[in-house]
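In our numbering, the protein residues as written are 70 to 208. From the three backbone atoms N, C-alpha and C, an ideal C-beta is built for every residue, glycine too. A quick write-up on the structure given underneath.
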Ligand SMILES: Nc1nc2c(ncn2[C@@H]2O[C@H](COP(=O)(O)OP(=O)(O)OP(=O)(O)O)[C@@H](O)[C@H]2O)c(=O)[nH]1
Ligand SMILES: [Mg+2]
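See the structure below:
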């Protein structure tokens, strides 16, 4: 288990999704880390935790296990109404709700997204699959 550095120095993949869909199982398998708790009961994971894969003692890649979305409709509704700086949208959400228990898991799972300098996302589902690359800062 590793503390989340402010900016990732190696590629980092956060696994996000609904509760009980196998996020922790995927991270546990990819990192070969049996300490990661998997449960039949939704809501097992409550913190975003990074697990680093090392080869010959060198950090190669990091996977972040996250809680599941608890209130995705309300979270999405807030994002759609957001009128501030789009580059700060995720940080703004966390700042607005980090002390609100209703949004606790949703804030926590978005932390690895907030601190990423760029995002490569892909998603799968029964209706749609896709991918997207999003650079947050021009430099
Ligand atoms: N059939 C099947 N079950 C799976 C698979 N992956 C995980 N599971 C089971 O699904 C349940 C939930 O797995 P977790 O990995 O804890 O799911 P999670 O998304 O991390 O859940 P939360 O932390 O509650 O959000 C457990 O009972 C797992 O054994 C899979 O590929 N196939
Ligand atoms: Mg989990």
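Classify residue 189 as buried or exposed, calling it buried when 16 or more other Cβ atoms lie within 10 Å of its own Cβ.
exposed
Nearest residue (CA-CA) to residue 183, options 171, 170, 164 and 146: 164
**Prompt:** Hey, would you say the C-beta of residue 107 is under 7 Å away from at least one heavy atom of ligand 1?
**Reply:** yes
* Let me know the secondary structure DSSP gives residue 179 once reduced to three states. => helix
Enumerate, from N- to C-terminal direction, the unbroken alpha helix (DSSP H) stretches of 4 or more residues contained entirely within the region 127 to 170. 141 to 150 and 158 to 166
Go ahead and pull the three-state DSSP assignment for residue 121.
-> strand
- Message: Tell me which residue opens and which closes the beta strand (DSSP E) that residue 188 is part of.
- Response: 187 to 192
- Query: Should residue 134 and residue 121 be called a contact, given that it needs their Cβ atoms to be closer than 8 Å?
  - Reply: no
>> For residue 186 and residue 123, what's the separation of their Cα atoms in angstroms?
In response: 22 Å
Secondary structure at residue 78, three-state DSSP: helix, strand or coil? coil
Considering Cα atoms alone, identify which of 146, 81, 80 and 108 is closest to residue 93. 108
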